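Student:
Numbering (the numbering used here), first residue to last: 149 to 454.
(1) Under three-state DSSP, which class holds residue 236?
(2) Is residue 404 closer than 8 Å to residue 274 when the C-beta atoms are compared?
(3) Is the region 198–216 touching the region 314–326, taking contact as three or more C-beta pairs under 8 Å?
(4) What is the DSSP secondary structure of residue 370, counted as helix, strand or coil?
(5) Determine the DSSP secondary structure at residue 263, reduced to helix, strand or coil.
(6) Which of helix, strand or coil does DSSP assign to residue 159?
(7) Along the chain, where does the beta strand (DSSP E) containing residue 214 start, and where does it finish?
(8) Pop quiz: residue 245 and residue 256 are said to be a contact at Cβ under 8 Å. What is the actual Cβ separation, rounded to whole angstroms?
(9) Am I right that residue 412 and residue 402 are in contact with their C-beta atoms under 8 Å? What's the rounded C-beta distance?
(10) For the region 373–389 and the region 341–351, state whether three or more C-beta atom pairs, one from each stretch, are separated by less than 8 Å.
(11) DSSP three-state call for residue 208: helix, strand or coil?
(12) Would you grab the beta carbon distance between residue 231 and residue 292 for me? Rounded to a whole angstrom, and I think it's under 8 Å.
(13) Is it true that the CB of residue 340 sits closer than 8 Å to the CB of residue 303?
(14) So the candidates are 161, 226, 297 and 422; which of them puts its Cα closest to the Cα of residue 320?
(15) Checking 8 Å against the spacing of the C-beta atoms, do residue 219 and residue 207 come in under that value?
(16) Do you know offhand how far residue 225's Cα is from residue 362's?
(17) Runs of 3 residues minimum, wholly inside the region 287–340: which ones carry the beta strand (DSSP E) assignment?
(18) Using C-beta distances below 7 Å, list every residue in its chain close to residue 284, excluding the 5 sequence neighbours before and after it, in chain order.
(19) Which residue marks the beginning of the alpha helix (DSSP H) containing residue 248, and which one marks its end?
(20) Comparing alpha-carbon positions, which option in 436, 448 and 351 lies nearest residue 385?
(21) Give me, in chain order, the residues of the same chain whose beta-carbon lies closer than 7 Å to that of residue 165; leave out the 5 immediate sequence neighbours on both sides.
(22) By the three-class DSSP mapping on this structure, what secondary structure does residue 188 have?
(23) Would you call residue 348 buried or exposed, if buried means 16 or more other Cβ atoms sit within 10 Å of its Cβ?
(24) In this structure, does DSSP put residue 198 in helix, strand or coil?
(25) Nearest-angstrom Cα distance between residue 149 and residue 195?
(26) Output yes or no for whether 8 Å exceeds the beta carbon distance between residue 214 and residue 258.
(27) Any idea which residues DSSP pairs residue 203 with across the strands?
(28) Compute the distance between the beta-carbons of residue 478 and residue 437, then report whether it is under 8 Å.
(29) Taking the alpha-carbon positions, what's the residue 350 to residue 298 distance?
(30) Thinking C-beta only, is residue 182 closer than 8 Å to residue 174?
Set out below in structure tokens:
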């Protein structure tokens, strides 16, 4: 073995409570980490960090290059992360140095821990917008098509109960827009990140900012804008003017990226109502967190249109 056995962060290990599958994967994770470290001749070079679905371990390569290994929970959204990073070749995103898709293990260029939450929010929106043109290359054929998802979402939105705690007019509008996008030739074809928000862009040595953690689709670049509207939500509430704050982010982003306002707005309505749909379909009991997420979705849908 190269170096000591790594300790999985306790908070990440606690995700075993999520399901039996999570518990089994986490139980096997220390062995997986050790095997990959040995197979790739890596050395530990810092303490592990984690998000909701992956643990990241700083390492040095056999050539002495600083890097990280990302070990992802095996799930559909992470299945093609390596393909997106391979297509980008470090142009606007961290470089992929090596991948083992079967084990959901990625050896990546090391970036810093500072992200775009350290910038004023409109400046951060412009930084993200500046990455769009570099990331939205032709999509590899293996990726799922956004149009197929839209066809599914349209029907599921209409199937929501009429008494659901979101305005029915927004549910029906999102369903209609999703149906239109499902048959729109421009809905597919470009490699889109889909989760390009402020915490998924990190400072780096090679470039000022680099994207991480794609959940790639073959899709429409206008689909990318919406996560910038619902992240850093506390700042929107603290502004005292939700409509103005949401619209400032929307306009800063689309202006910097030369996107079509109507199309970005329509995708934002679809995405926030699909977020609401997922919450309503989830069998978990009512909670303040769920109620707040539903309220955010409605506020954004209203703000981008009024």
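Using N, Cα and C, we set each Cβ at its ideal position, and we do this for glycine too. What you are looking at is a predicted structure, and each value in this text was computed from that prediction instead of being measured.
Tutor: Answer, in terms of the structure:
(1) In the structure shown, residue 236 adopts helical secondary structure according to DSSP, grouped into three states.
(2) In this structure, residue 274 places its C-beta atom within 8 Å of the C-beta atom of residue 404.
(3) No, the region 198–216 is not in contact with the region 314–326.
(4) Residue state, collapsed to three classes: helix.
(5) Strand at residue 263.
(6) Residue state, collapsed to three classes: helix.
(7) DSSP places residue 214 in the uninterrupted beta strand (DSSP E) bounded by 214–220.
(8) Their Cβ separation, rounded to whole angstroms, is 6 Å, which keeps residue 245 and residue 256 in contact under 8 Å.
(9) Indeed they touch by this definition, with Cβ atoms about 5 Å apart.
(10) Output reads yes: the region 341–351 touches the region 373–389.
(11) Strand at residue 208.
(12) With a beta-carbon spacing of about 11 Å, residue 231 and residue 292 fall beyond the 8 Å limit used to define contacts.
(13) No; because the gap between Cβ atoms is not below 8 Å, this pair is not in contact.
(14) Ranked by Cα distance from residue 320, the first of 161, 226, 297 and 422 is 422.
(15) No, Cβ-Cβ distance for residue 219 and residue 207 is not below 8 Å.
(16) Here the alpha carbon of residue 225 sits roughly 9 Å from the alpha carbon of residue 362.
(17) You should have 338–340.
(18) Only residues of its own chain outside the window of five on either side were considered, and among them 338, 339, 340 and 369 have a CB closer than 7 Å to the CB of residue 284, listed in chain order.
(19) Taken as a continuous stretch (DSSP letters only), residue 248 belongs to no alpha helix (DSSP H), being part of the beta strand (DSSP E) at 244–248.
(20) Of the listed residues, the one whose Cα sits closest to residue 385 is 448.
(21) Around residue 165: no qualifying Cβ.
(22) DSSP, reduced to helix, strand and coil, places residue 188 outside both helices and strands of the structure shown, so it counts as coil.
(23) So residue 348 ends up on the buried side.
(24) Residue 198 sits in a strand when the DSSP states are folded into three classes.
(25) With a pLDDT of 40 at residue 149, under the threshold of 50, the modelled position of that residue is not reliable, and the figure given next carries that caveat. Going from the Cα of residue 149 to the Cα of residue 195 covers about 18 Å.
(26) A contact, by the Cβ cut-off of 8 Å.
(27) Answer by DSSP bridge pairing, in chain order: 198 and 219.
(28) Here the chain covers residues 149 to 454 and nothing more, so residue 478 does not appear.
(29) Approximately 30 Å between the Cα atoms of the pair.
(30) Going by C-beta atoms, residue 174 is not nearer than 8 Å to residue 182.
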